[in-house]
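**Student:** Residue numbers (UniProt numbering): 1 to 329. All C-beta atoms in this analysis are idealised placements derived from N, C-alpha and C, irrespective of residue type, glycine included.
1) Please go through the region 42-75 and give each complete alpha helix (DSSP H) segment of 4 or more residues, from N-terminal end onward.
2) Taking the straight line between their C-alpha atoms, what separation do you get for residue 224 and residue 70?
3) Below 8 Å between beta carbons: does that hold for residue 309 and residue 297?
4) Quick check for students: name the residue ranges of the alpha helix (DSSP H) that lie wholly in the region 241-277, counting only runs of 4 or more.
5) Between the region 207-220 and the region 242-261, do at least 3 Cβ pairs fall closer than 8 Å?
6) If you measure between the beta carbons of residue 24 and residue 84, is that distance less than 8 Å?
7) Mind checking who residue 151 pairs with in its DSSP beta bridge?
8) Given this structure, state the Cα-to-Cα distance separating residue 287 from residue 316, to the nearest angstrom.
9) Which residue marks the beginning of the beta strand (DSSP E) containing residue 205, and which one marks its end?
10) Rounded to whole angstroms, what is the Cα-Cα separation between residue 171 and residue 141?
11) So the candidates are 269, 271, 250, 302; which of them puts its Cα closest to the Cα of residue 277?
12) List the endpoints of the continuous beta strand (DSSP E) containing residue 307.
13) Is residue 84 helix, strand or coil by DSSP?
14) In whole angstroms, what is the alpha-carbon distance linking residue 275 and residue 44?
15) Would you give the residue range spanned by the beta strand (DSSP E) that residue 196 belongs to?
16) Hey, residue 79 and residue 143 are a contact pair by Cβ (cut 8 Å); roughly how many whole angstroms apart?
17) Which value, in whole angstroms, describes the spacing of the CA atoms of residue 48 and residue 261?
18) Just mark residue 9 as buried or exposed, buried being the case when its beta carbon has 16 or more other beta carbons within 10 Å.
19) Quick one: residues in its chain with C-beta nearer than 7 Å to the C-beta of residue 93, no 5 flanking neighbours on either side, listed in chain order?
20) Could you give the residue range of the beta strand (DSSP E) that holds residue 171?
21) Residues in the same chain with beta-carbon distance under 8 Å from residue 285, minus the five sequence neighbours each way, listed in chain order, please.
22) According to the neighbour-count rule (16 or more other Cβ atoms, all chains shown, within 10 Å of its Cβ), is residue 56 buried or exposed?
23) What's the C-alpha gap between residue 259 and residue 33?
24) In terms of residues, what are the limits of the beta strand (DSSP E) holding residue 298?
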């Protein structure tokens, strides 16, 4: 029906909507019911759906379908992804109605990538700026197929094993998650294959180069060394007397549970610091095992795990929360 916004409540529904043969452009809004800006953007989506009957507009609750959210790197809401022929062609993070409208108009008209002389250069400049931001996102950045935990090709697996063996501190980017980055970085760095390793924003090379550096003994001096994960986790949970590991931060919680625990903590008046687990996959996964606590948020006092949202709620109801936070219990 023209003007309707579809809802995707499962991976299957999402895939089915992407593959609709009668619509070339699909716009997906990753949203959360606890974020008021998402409600505003839902209204914008509904208005756009009435204007662009040839476009499929989809709402997907980010926390309800985590498989899709994680696949496309959704770490905040609202986020909008644009698909053509089941392939992601664009992205918009945040509640920016004018930008959303412009992107829908551009992609719906089929002008993306076919701009005139005045439009091609700015598009390339935007891509290059994004690529520069990515290669400088960490002192050592690995662009690979998959993730360090789940490499999706033999070359990526080998380079991860070498870096981990030498205790290199590195972050990674899954090129399968973004076709624009995958193709753009090849031209940007004049390096046609993956994986690609960067240190301080400079291209080191691929697997063969890293193997040569290892064989010559130069790898340890080229790549930054990291703390052992266990030492790093101990340091983080003791960074402040009260530490909260959550999705997001005090200013912008990125899940309902984190939002609830922030409200409780703020009402106690006790000083505390936060760590955004969405920004560091190694910490996110490692802390689960280290503390034998499988979910987030996690609250620590003087380096000791207190628990998650349910525990904090129980302590609040029993009147024990404030003494616990002050280290009196």
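**Tutor:** Judging by the given coordinates:
1) 66-71
2) 28 Å
3) yes
4) 256-268
5) no
6) yes
7) 146
8) 24 Å
9) 202-205
10) 5 Å
11) 250
12) 304-307
13) strand
14) 33 Å
15) 196-199
16) Their Cβ separation, rounded to whole angstroms, is 21 Å, which puts residue 79 and residue 143 out of contact at 8 Å.
17) 36 Å
18) exposed
19) 76, 79
20) 171-174
21) 149
22) buried
23) 12 Å
24) 298-301
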